[in-house]
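Below you'll find the structure, written out as structure tokens, and then a few comments.
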């Protein structure tokens with residue numbers, strides 16, 4: 001490894017000599033223009049050596065352990081942007097980095113360098129798919145061909161949660177950014193802001209969501225804002241899992257209509273009661289989107305005719321009360337549903353063993369796996385109940401304690 | 001009482017120490033030796049080997065010419081394949097964006113300038129090495145993080161639409177080889 005021929009000390013020395021020459025020249029011959037003339041000469045000689053100087057700056061950056069962006073920023077401060085050729089900087093940086101410090105290498109004989117646009121379509125597509133969604137937005141503006149390429153691919157965002165809170169903030173959370181709208185209670189303007197923010201992103205071309213959660217606290221009504229949000233959606237939502245937390249039935253219905261059916265795999269639903277719930281639920285049940293989801297989380301008293309649930313592989317039923325009319329559909333569901341692989345039942349109230357036994361007539365179970373959640377404080381019910389179940393072919397695979405508040409808020413089960 | 005037949009137990013490590021080797025010739029006539037496990041990472045090369053019917057006996061006598069890849073890129077590719085030959089298969093490609101940190105060894109291997117990286121991508125694409133392609137694309141993608149469109153144009157050497165149109169126009173205006 002040999003040291004470069006030019007160094008900062010050399011440049012400083014050169015400038016010093018130049019300055020001394022100016023000084024002596026002016027003292028001897030006088031005249032204002034002398035200094036300016038000599039300075040112009042010096043600048044010319046410097047600009048002739050500009051590429052060499054730039055390489056020197058790059059070398060210093062490498063020796064200091066700076067990255068390419070840092071070196072580029074340093075160069076931008078010193079030289080004009082048009083004097084800095086980024087591919088050239090990139091070339092020299094990596095050359096110096098690999099230990100080759102020869103600055104006199106002539107690149108003019110090298111073949112024309114490859115650029116991003118020289119890559120084939122498959123490779124360019126592959127690079128762009130590796131970009132996180134937030135970086136795809138600026139890159140769309142780079143040129144038309146990249147914009148077309150990005151529009152042709154679908155990005156899956158991990159999570160989008162819109163939580164309208166009774167506390168002092170409403171949060172719109174994407175997996176990469178979180179925007180909080182602070183307010184005193186759920187003010188309508190702040191909820192609207194949150195929805196506007198959400199609409200903006202959902203309308204971007206080629207966007208999809210893995211987990212979309214819409215959450216409202218009890219008592220919050222914002223139907224008009226929600227309807228505006230729905231009407232401003234310009235494309236069907238590509239959502240894999242959709243969670244409604246304490247939404248109204250009409251909100252669930254409206255949003256489900258905008259979800260692209262084939263992609264939806266899971267629906268979780270807890271809701272706040274309205275006037276025409278069962279009527280709207282009848283509409284929801286016939287939606288294609290509803291039928292194509294594999295997993296459903298459902299409050300017990302919403303269970304209607306069994307044929308609406310046949311296509312679900314996983315069902316979670318939340319039971320708050322045991323009504324005689326619920327008993328038959330649940331039993332029928334367990335018995336007749338051939339697709340059902342997992343059934344989870346959350347008990348939200350204290351039920352007597354007699355009631356449980358009435359609800360689950362052991363002989364009628366058809367489910368292969370069953371998850372149970374029963375309050376830990378009522379183990380004596382549980383033990384007797386399990387004893388009854390174990391006599392059957394049901395495979396009880398998980399029994400856990402239950403935290404009433406968490407379950408009430410509709411938290412997701414483990 | 002039944003006697004179990006004596007089966008020679010071949011340790012995995014033993015197999016690793018005695019691999020079948022193949023010879024590859026790059027476009028600039030550099031010769032590289034690569035093990036069977038490593039060459040399997042390249043679908044193109046492995047298809048070629050199986051189609052040519054190369055076996056452990058004749059593998060070294062029949063070098064495989066690869067016209068589209070130069071020696072420098074081939075060296076990187078061979079190093080990468082040898083390093084990752086025993087890696088477990090990655091889960092199927094999904095469209096999800098996940099946090100991913102490039103391993104240190106691979107980061108060092110791929111710290112080359114953009115042009116070389118683009119050449120390596122083309123070579124990798126030709127040889128169909130999914131993992132290396134994935135890593136190269138991530139390196140390029142990482143450069144684009146937190147950059148403005150203008151900066152991206154500079155980094156990737158992409159002309160603006162106006163410049164591009166002007167270039168196309170001048171190309172169409174200029175007389176062709178016959179004219």
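Chains as they are written, first to last, in full-length UniProt numbering: chain Z, 1 to 414; chain V, 1 to 179. Glycine included, every Cβ here is placed at the ideal spot set by N, Cα and C.
Short Cβ contact (8 Å threshold) for residue i with residue j
i: residue 415/Z; j: residue 229/Z; result: Lying before the first or after the last residue shown, residue 415/Z is absent from chain Z, which here runs from 1 to 414.
i: residue 102/V; j: residue 139/V; result: yes
i: residue 43/V; j: residue 128/V; result: yes
i: residue 74/V; j: residue 30/V; result: yes
i: residue 237/Z; j: residue 202/Z; result: yes
i: residue 52/Z; j: residue 113/V; result: no
i: residue 97/Z; j: residue 155/V; result: no
i: residue 113/Z; j: residue 147/V; result: no
i: residue 52/V; j: residue 22/V; result: no
i: residue 109/V; j: residue 80/V; result: yes
i: residue 249/Z; j: residue 277/Z; result: yes
i: residue 264/Z; j: residue 292/Z; result: yes
i: residue 254/Z; j: residue 271/Z; result: no
i: residue 259/Z; j: residue 235/Z; result: no
Where residue i meets chain V, residues with beta-carbon distance less than 8 Å
i: residue 120/Z; result: 122 and 125
Beta-carbon neighbours of residue i, restricted to chain V and to distances below 7 Å
i: residue 113/Z; result: 115
i: residue 87/Z; result: 114, 115 and 157
i: residue 126/Z; result: 133 and 137
i: residue 194/Z; result: Under the 7 Å cutoff, chain V gives no residues; its nearest Cβ is about 23 Å from residue 194/Z.
Those residues which DSSP pairs with residue i across a bridge
i: residue 245/Z; result: 215/Z
i: residue 267/Z; result: 242/Z and 296/Z
i: residue 65/V; result: 25/V
i: residue 31/V; result: 25/V
i: residue 259/Z; result: 237/Z
Interface partners of residue i on chain V, CB under 9 Å
i: residue 94/Z; result: 111, 112, 113, 114 and 116
i: residue 197/Z; result: Those do not exist, as residue 197/Z stays about 20 Å from chain V at its closest Cβ, beyond 9 Å.
8 Å Cβ cutoff, residue i in contact with chain Z
i: residue 171/V; result: no
i: residue 92/V; result: Reliability of the predicted coordinates at residue 92/V is poor, the pLDDT of 48 falling under 50, and the value obtained from them is presented with this limitation in mind. Output row for residue 92/V: interface = no.
i: residue 152/V; result: yes
i: residue 106/V; result: no
i: residue 160/V; result: yes
Chain V within 8 Å of residue i, Cβ atoms only
i: residue 79/Z; result: no
i: residue 311/Z; result: no
i: residue 250/Z; result: no
i: residue 108/Z; result: no
i: residue 90/Z; result: yes
i: residue 387/Z; result: For residue 387/Z, the predicted structure reports a pLDDT of 46, less than 50, and the residue's modelled location is therefore unreliable. The matter cannot be settled from this model.
i: residue 57/Z; result: no
i: residue 130/Z; result: yes
i: residue 253/Z; result: no
i: residue 97/Z; result: yes
i: residue 9/Z; result: no
i: residue 123/Z; result: yes
Chain Z residues whose Cβ lies nearer than 9 Å to that of residue i
i: residue 149/V; result: 138, 139, 140, 141, 142 and 143
i: residue 119/V; result: 114
Closer than 7 Å at the beta carbon, the chain Z residues around residue i
i: residue 156/V; result: 115 and 116
i: residue 140/V; result: 127
i: residue 164/V; result: 143
Separation of residue j from residue i, as counted between CA atoms
i: residue 141/Z; j: residue 152/Z; result: 15 Å
i: residue 241/Z; j: residue 84/V; result: 35 Å
i: residue 80/Z; j: residue 54/Z; result: 11 Å
i: residue 251/Z; j: residue 226/Z; result: 7 Å
i: residue 317/Z; j: residue 208/Z; result: 28 Å
i: residue 149/Z; j: residue 135/V; result: 20 Å
i: residue 167/V; j: residue 159/V; result: 9 Å
i: residue 76/Z; j: residue 150/V; result: 14 Å
i: residue 26/V; j: residue 104/V; result: 27 Å
i: residue 210/Z; j: residue 239/Z; result: 6 Å
i: residue 109/Z; j: residue 122/V; result: 22 Å
i: residue 147/Z; j: residue 312/Z; result: 39 Å
i: residue 192/Z; j: residue 153/V; result: 37 Å
i: residue 127/Z; j: residue 137/V; result: 4 Å
i: residue 132/V; j: residue 143/V; result: 17 Å
Residue i beta carbon near the ligand MN (any heavy atom closer than 7 Å)
i: residue 112/Z; result: Among the components modelled here there is no ligand, and therefore nothing to report on the ligand MN.
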